[in-house]
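**Q** Reading the sequence shown from the start, the letters are residues 52 to 346 in this note's numbering.
Questions regarding the structure given below will be posed in turn.
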Amino acid sequence: MILSCSVQTNMQGEELREHGTRLFPVACYLDLLPHDDIPWHWHNELEMGIVEKGSAALSIGSTRYELYAGEAFFINSNILHTVVPLDESVCEIHSVVCHPRAVSGSTDNIIWQKYLKPLMENQASPGFHFVPDTAWHRQIMDSLAVLWQSAEAEEYGFELHIRNELSTIISLLSEHQPVVNRKTFGKAQRDSARIKEMLTYIQANYSSELTVEDIASACAVSTSECIRCFRGTINTTPIAYLKSYRLQQAALKLQLGTDKISAIAESCGFQEMSYFAKSFKEIYGCTPSEYRIGK
Numbered sequence: 052m053i054l055s056c057s058v059q060t061n062m063q064g065e066e067l068r069e070h071g072t073r074l075f076p077v078a079c080y081l082d083l084l085p086h087d088d089i090p091w092h093w094h095n096e097l098e099m100g101i102v103e104k105g106s107a108a109l110s111i112g113s114t115r116y117e118l119y120a121g122e123a124f125f126i127n128s129n130i131l132h133t134v135v136p137l138d139e140s141v142c143e144i145h146s147v148v149c150h151p152r153a154v155s156g157s158t159d160n161i162i163w164q165k166y167l168k169p170l171m172e173n174q175a176s177p178g179f180h181f182v183p184d185t186a187w188h189r190q191i192m193d194s195l196a197v198l199w200q201s202a203e204a205e206e207y208g209f210e211l212h213i214r215n216e217l218s219t220i221i222s223l224l225s226e227h228q229p230v231v232n233r234k235t236f237g238k239a240q241r242d243s244a245r246i247k248e249m250l251t252y253i254q255a256n257y258s259s260e261l262t263v264e265d266i267a268s269a270c271a272v273s274t275s276e277c278i279r280c281f282r283g284t285i286n287t288t289p290i291a292y293l294k295s296y297r298l299q300q301a302a303l304k305l306q307l308g309t310d311k312i313s314a315i316a317e318s319c320g321f322q323e324m325s326y327f328a329k330s331f332k333e334i335y336g337c338t339p340s341e342y343r344i345g346k
């Protein structure tokens, strides 16, 4: 079964949605950008997908990839990521999110120890960008296409077919993963922990007036270290992320609620209505009132 995309997170930015079921932890999603708003988030599961139509900018940590129709991607476990369309045209993505046990079954066998665990713990492999000109990339993309078709048809034995294609993908990723740079391993782990802590603070306090100093104090670092951590981890600044998150929350409230637009703007930390309207249109391509009518 193919599901529609909807990302809801907890205060730590961890996605709350259960992907698949306990018995078969795999889910396939049809992502339609910009209709589906996908904020910065992370999850324990592995994610991969193919751009079927249009183009998108996929950010995996601090690395930004431009993906076009016929290209694909992989996002490792517990890695912050987001995706937005590259232009105003519709971008269609077929994505798959799966728990590692969908392949290994458990953590006490060779599949987990030899292939999955090293890949998931490899800080040099937060994600991959696949293009059809590279042979092993093409193999992964072919497996993703077969997997999607099996999930869509749900014919007898489709779970086995999906697991087979996932096993092929994990084998190729494991074989081609880069070597870990041990000098940067600890630093990357520290920055990842810090950025999640600061994102937690922003998401808990976005309706209030916040400064870089406030955000930095959330994990007891200097403002310069806070800015470095944001730039080095998710390739943005603390204030830019704060503004983006406020706009995402405003869009959600416009979609789901009936409060006045001015009240929504204020509840999301915007004190000036003109600035809110201008900022909203820059991101969503329409005014807040047009967005509400359109949704």
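Note that CB positions come from ideal geometry on N, CA and C, so glycine has one too.
This one's a predicted model, so the numbers in the text were calculated from it and none came from an experiment.
#1: Would you call the region 182-189 and the region 79-97 in contact, with 3 or more CB pairs under 8 Å?
#2: Might you give, ordered along the chain, the residues of its own chain that have their beta carbon closer than 6 Å to the beta carbon of valine 197, omitting 5 neighbours on each side?
#3: Going by other Cβ atoms of all chains shown within 10 Å of its Cβ, with 16 needed for buried, is leucine 97 buried or exposed?
#4: Report the CB separation of histidine 145 from glycine 100 in whole angstroms; it is logged as a contact under 8 Å.
#5: Is it a yes or a no for the region 265-276 touching the region 220-232, going by three-plus beta-carbon pairs under 8 Å?
#6: Suppose contacts are defined by Cβ-Cβ distances below 9 Å. Is alanine 202 in contact with valine 147 by that definition?
#7: Note down, in chain order, each residue of its chain lying with its Cβ closer than 8 Å to the Cβ of arginine 115, except the 5 sequence neighbours on either side.
#8: Can proline 229 and valine 141 be called in contact, C-beta distance under 9 Å?
#9: Give the C-beta separation of leucine 137 and glycine 112 to the nearest angstrom, bearing in mind that I take them to be a contact with Cβ-Cβ under 8 Å.
#10: Return helix, strand or coil for alanine 107, following the three-state DSSP convention.
#11: Give the single residue among Leu118, Arg73 and His94 whose Cα lies nearest to the Cα of serine 157.
#12: Does the region 328-346 come close enough to the region 298-318 to have 3 or more Cβ pairs within less than 8 Å?
#13: Might you give, ordered along the chain, the residues of its own chain that have their beta carbon closer than 6 Å to the beta carbon of serine 218, omitting 5 neighbours on each side?
**A** Reading it off the structure:
#1: no
#2: Glu216
#3: buried
#4: 6 Å
#5: Result no; under three Cβ-Cβ pairs closer than 8 Å.
#6: yes
#7: Ala108, Leu109 and Asn286
#8: Result no, Cβ atoms of proline 229 and valine 141 do not sit closer than 9 Å.
#9: With 8 Å as the limit, leucine 137 and glycine 112 do not qualify as a contact, their Cβ atoms being about 19 Å apart.
#10: strand
#11: Arg73
#12: yes
#13: Val154
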